[in-house]
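Novice: Under the working numbering, the first residue of the sequence shown is numbered 2, with each subsequent residue one higher.
Cβ atoms here follow ideal geometry from the backbone N, Cα and C, with glycine treated the same way.
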Amino acid sequence: MDSTAYGIVHFFPGGTKEQYEASLAAVHPGKGLLPEGQIFHAAGPSAGGWTVMAVHDSKESWEKFRDGILLPRMQAGIEGGFSSPPEETVIDLYQVLP
Numbered sequence: 002m003d004s005t006a007y008g009i010v011h012f013f014p015g016g017t018k019e020q021y022e023a024s025l026a027a028v029h030p031g032k033g034l035l036p037e038g039q040i041f042h043a044a045g046p047s048a049g050g051w052t053v054m055a056v057h058d059s060k061e062s063w064e065k066f067r068d069g070i071l072l073p074r075m076q077a078g079i080e081g082g083f084s085s086p087p088e089e090t091v092i093d094l095y096q097v098l099p
C-alpha cells in the first residue's frame, strides 16, 4: 500500500518510563487515545535512554501536532517529563501495513 504517512522517531538520552508517562499525559488527548492524525504510537527503553515512535497520516498532521501541542507544552515544562529535547529522525514512509 502506498502511503503519504510520516514517521517520527524521538530518542531521549537518559530518558525513563516515568518521564515518558508524564510527557505522554501532557500531550496526548487521554489514556489510550492518539492525537488527531496520528495512526501509530509505540515507546520503550532503548540503549542509553527512551525511544518514542509515531506515525502520522501526513507530514502536515505531524507539524500541526508538533507546533500546536507538543512543542508549546514541552517548552513550558512538563512536571516529571523529559528534561531535554530528543534526538529526532523523520521518515517519509513509503509503506504502512496494518
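Which whole runs of the beta strand (DSSP E) in the segment 8-85 are 3 residues long or more, in chain order?
Specialist: If we require 3 residues or more, the beta strand (DSSP E) runs fully inside the segment 8-85 come out as 39-47 and 50-57.
Novice: Which of the three DSSP states is assigned to V91 in this structure?
Specialist: V91: strand per DSSP, three-state reduction.
Novice: In whole angstroms, what separates the C-alpha of G33 from that of E19?
Specialist: The straight-line gap from Cα to Cα measures roughly 16 Å.
Novice: Does T52 pass the burial test, meaning 16 or more other C-beta atoms within 10 Å, or should it be called exposed?
Specialist: Result: buried.
Novice: Give every residue of the same chain whose Cβ lies closer than 7 Å to the Cβ of G81, excluding the five residues on either side of it in the sequence, and list them in chain order.
Specialist: Excluding residues within five positions, the ones whose Cβ falls inside 7 Å are E19, Q20 and A23.
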